[in-house]
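Quick note on numbering that gives the first Met the number 0: the sequence shown kicks off at 0 and runs consecutively.
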Amino acid sequence: MTKTIRLTMAQALTRFLGCQMTEIDGRKMPIFGGVWAIFGHGNVAGIGEALYQVRDELPTFRAHNEQAMAHAAIAYAKANFRRRFMAATSSIGPGALNMVTAAALAHVNRLPVLFLPGDVFANRIPDPVLQQAEDFSDGTATVNDCFRPVSRYFDRITRPEQIIPALNRAMQVLTDPAECGPVTLALCQDVQAEAFDYPESFFAERVWHQRRPRPDRGELAAAVAALKAATKPLVIAGGGVLYSQASGELAQLVQGAGIPVCETQGGKSSLPDDHPLNMAAVGVTGTSAANRLAEEADVVLAVGTRLQDFTTGSWALFKNSGKTIIGLNVQPFDAGKHQALPLVTDAAEGLAELGAALNGWQAPAAWTDNAARGKKEWQAEAGKVTASTNAAYPSDAQVIGAVQRAMGSDVILLHAAGGLPGELHKLWQAGAPGSYHAEYGFSTMGYEIAGGLGVKMAKPDDEVVVMIGDGSYLMLNSEIATSVMLGLKLTIVLLDNRGYGCINRLQMATGGANFNNLLKDARHEILPDIDFAAHAASLGAIAEKVSSIAGLETALAKAKDNSKTTVLVIDTDPLVSTDVGGHWWDVAVPEVSSRPQVNAARKAYEEKRRMQSVGD
């Protein structure tokens with residue numbers, strides 16, 4: 000007879016989460032780093048009480064914003080290379096919907112997070128309950144259905160025993176390298192409190208290991224043949240290199256074969272910036288060294304990348320008409336994109352087998368030497384734009400140079416949307432794998448500070464530096480207070496260009512008038528004079544506004560010794576960006592306009608579109 004234990008559904012859920020383990024570097028540990036929770040009537044009595052009972056084994060963390068706590072959970076998973084992750088629970092209604100943006104972020108970036116939003120009553124007796132949105136034609140619909148298109152797996156728990164198959168399926172998705180992404184289990188609030196006789200075996204400890212599928216023999220042979228026939232081979236390293244912890248295998252392959260490497264936003268730090276074969280960033284925000292090679296390459300080995308438009312220059316970057324793309328990816332959907340030769344495999348396994356098969360083969364020396372010259376030329380150009388200055392309003396690049404000089408490459412540098420991703424992708428000199436943490440898959444404003452908190456939770460001994468613009472800061476800054484409360488120190492560099500400077504520059508580049516992006520160009524009676532340092536100090540941080548690049552470097556040196564989160568504010572120029580490097584990006588310009596500037600931009604746009612490879 001099966002032994003059972005009578006628990007509420009919420010108690011069974013939290014007990015199950017605490018029994019799931021992983022093994023990292025030979026050490027067994029809980030796979031869930033904890034649960035982020037903001038309680039409301041839809042989860043406080045059920046899952047809230049259940050979390051209290053397991054608070055020592057499965058810690059609960061309180062945040063100030065549901066989207067932010069989910070961002071922190073996602074950043075935690077990314078910093079752990081998907082080997083550990085977190086859950087996030089909210090009440091029904093606005094609390095749940097606040098997490099949908101974060102779910103989309105995790106979905107795009109293939110990152111594991113377990114969402115546990117409260118839901119309506121399964122019995123429907125008290126309907127409509129507080130925060131319930133009724134569908135006039137569908138009695139089963141709730142706001143949590145918004146999670147469906149941005150979840151890898153979605154379930155609504157309407158009976159307590161349903162949590163058994165649902166949690167088993169959730170763990171399979173969260174730990175699968177190909178299917179990995181957000182899981183949503185919508186928890187009907189009455190069912191959270193209902194009891195069931197659960198089998199004790201459901202709570203047996205289980206250790207989850209990272210699956211590493213090896214390549215198909217035929218696909219491997221085709222990839223090897225293509226590479227051996229190449230005269231101008233190039234590797235694009237994507238985020239999958241880091242998730243697979245395949246930097247060693249990547250280095251061994253390219254060093255043996257003399258193949259230059261460039262990196263996507265997600266893949267930056269796959270190799271250290273000073274590696275002689277690392278040409279750094281590729282694409283719209285790429286270096287001249289990387290993009291020049293990408294234009295000429297006859298074989299492109301795309302490792303662990305989904306080849307989004309910033310990487311491919313909207314499919315206008317790769318100009319060699321006879322090129323072959325090899326899609327080395329654990330997910331077949333990505334491996335076969337753009338008529339690529341698919342090589343469906345774990346990145347570490349695939350790179351190791353490619354390296355073994357290519358043993359003794361090398362790319363032509365002229366190609367490798369050409370890459371080395373390009374890297375040297377790029378480094379000289381990058382040094383110029385990041386050099387110190389006495390300008391009253393320095394550029395983003397000059398601020399990046401100051402942070403690099405003061406903090407070095409040993410820190411974890413985190414950023415997200417706006418102008419900083421483009422500049423940092425090109426200019427930041429990353430060190431160890433994972434030391435460059437970008438959220439540019441979904442380009443989510445407001446990710447930065449919460450994401451920094453999640454990274455610090457994953458890497459408490461590392462120095463975490465967050466670079467953020469004033470636009471993102473104003474959208475979501477509440478977790479400064481959480482970082483102080485938890486004793487998790489961040490160093491935050493806030494660049495104030497008084498508006499959405501990146502989009503303002505894009506608006507100008509596409510012929511648009513300066514409109515509604517910079518504060519001065521938005522409808523106003525009085526221009527706001529925001530004291531960001533005072534605001535950050537009010538949240539408990541050490542805060543200072545600096546007036547120069549030299550002052551920033553001095554303040555950063557002091558911040559290293561600070562015991563809690565430090566926010567340093569500097570005014571910057573909203574109109575200046577780095578001219579060197581980069582590539583065209585397809586942003587549609589109006590075909591008809593009464594403004595000559597737009598008509599001129601449309602003409603230039605049509606000329607650029609002719610570079611695109613349709614169907615590749």
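Every residue, glycine too, gets a C-beta built ideally from N, C-alpha and C.
Reduced DSSP category for residue i - H, G, I as helix; E, B as strand; rest coil
i: Asp-126; result: coil
i: Ala-225; result: helix
i: Cys-187; result: strand
i: Trp-427; result: coil
i: Gly-33; result: strand
i: Pro-259; result: coil
i: Ala-296; result: coil
i: Pro-212; result: coil
i: Leu-473; result: helix
i: Ala-521; result: coil
i: Val-568; result: strand
i: Pro-271; result: coil
i: His-436; result: strand
i: Thr-13; result: helix
i: Leu-173; result: helix
i: Leu-487; result: coil
i: Asp-154; result: strand
i: His-337; result: helix
i: Ser-537; result: helix
i: Ile-23; result: strand
i: Asn-328; result: strand
N-terminal and C-terminal residue of the beta strand (DSSP E) that residue i is part of
i: Asn-277; result: 277-280
i: Pro-29; result: 26-29
i: Ile-491; result: 490-495
i: Phe-317; result: Neither: Phe-317 is in no beta strand (DSSP E) and is coded neither H nor E.
i: Phe-195; result: 194-198
i: Gln-361; result: Counting along the chain, Gln-361 falls outside any beta strand (DSSP E), and DSSP gives it neither H nor E.
i: Thr-443; result: First-last for Thr-443: undefined, no H or E at that position.
i: Val-465; result: 463-468
i: Phe-114; result: 112-118
Nearest candidate by alpha-carbon position, reference residue i, set the options
i: Ala-74; options: Asp-215, Lys-375, Val-454; result: Val-454
i: Arg-305; options: Asp-345, Thr-263, His-274; result: Thr-263
i: Leu-517; options: Gly-433, Ala-371, Thr-509, Arg-497; result: Arg-497
i: Gln-506; options: Tyr-446, Leu-574, Gly-450, Leu-551; result: Leu-574
i: Asp-175; options: Gln-209, Asp-189, Val-107; result: Gln-209
i: Asn-42; options: Arg-82, Ser-89, Lys-77; result: Ser-89
i: Cys-145; options: Ala-87, Ala-132, Ala-554; result: Ala-132
i: Ala-11; options: Pro-198, Asp-469, Ala-390, His-274; result: Pro-198
i: Ala-69; options: Ala-36, Gly-247, Ala-78, His-40; result: Ala-36
i: Asp-154; options: Pro-116, Val-128, Ile-124, Phe-135; result: Pro-116
i: Ala-365; options: Gln-330, Ala-229, Thr-443, Glu-48; result: Ala-229
i: Thr-577; options: Thr-286, Leu-219, Gly-335; result: Thr-286
i: Leu-6; options: Ala-194, Ala-225, Leu-485; result: Ala-194
i: Leu-16; options: Leu-104, Gly-94, Ile-163; result: Ile-163
i: Val-99; options: Thr-443, Ile-399, Ile-529, Ala-334; result: Thr-443
Cβ distance (whole Å) where residue i is taken to contact residue j below 8 Å
i: Ala-141; j: Val-119; result: Residue identity check: residue 141 is Thr in the sequence provided, not Ala. With a Cβ gap of about 5 Å, Thr-141 and Val-119 count as contacting.
i: Gly-418; j: Cys-501; result: 4 Å
i: Tyr-102; j: Thr-183; result: Residue 102 is actually Ala in this sequence, not Tyr. The Cβ separation is near 7 Å, so the contact holds.
i: Met-466; j: Leu-551; result: The Cβ separation is near 11 Å, so there is no contact.
i: Leu-327; j: Leu-300; result: 6 Å
i: Glu-422; j: Asp-395; result: 5 Å
i: Gly-45; j: Ala-9; result: 4 Å
i: Ile-156; j: Arg-82; result: Not confirmed; about 27 Å, so no contact.
i: Ala-616; j: Ala-280; result: Summary: the structure shown does not reach residue 616, with the chain confined to residues 0 through 615, and so no result is reported for it.
Residue i - containing alpha helix (DSSP H), residue span
i: Ala-600; result: 595-608
i: Leu-104; result: 99-108
i: Gly-400; result: 395-406
Where residue i falls, given that 16 or more other Cβ within 10 Å makes a residue buried
i: Ile-491; result: buried
i: Ser-562; result: exposed
i: Pro-527; result: exposed
i: Gln-596; result: exposed
i: Val-586; result: exposed
i: Asn-143; result: buried
i: Tyr-435; result: buried
i: Gly-382; result: exposed
i: His-106; result: buried
i: His-523; result: exposed
i: Ala-405; result: buried
i: Val-410; result: buried
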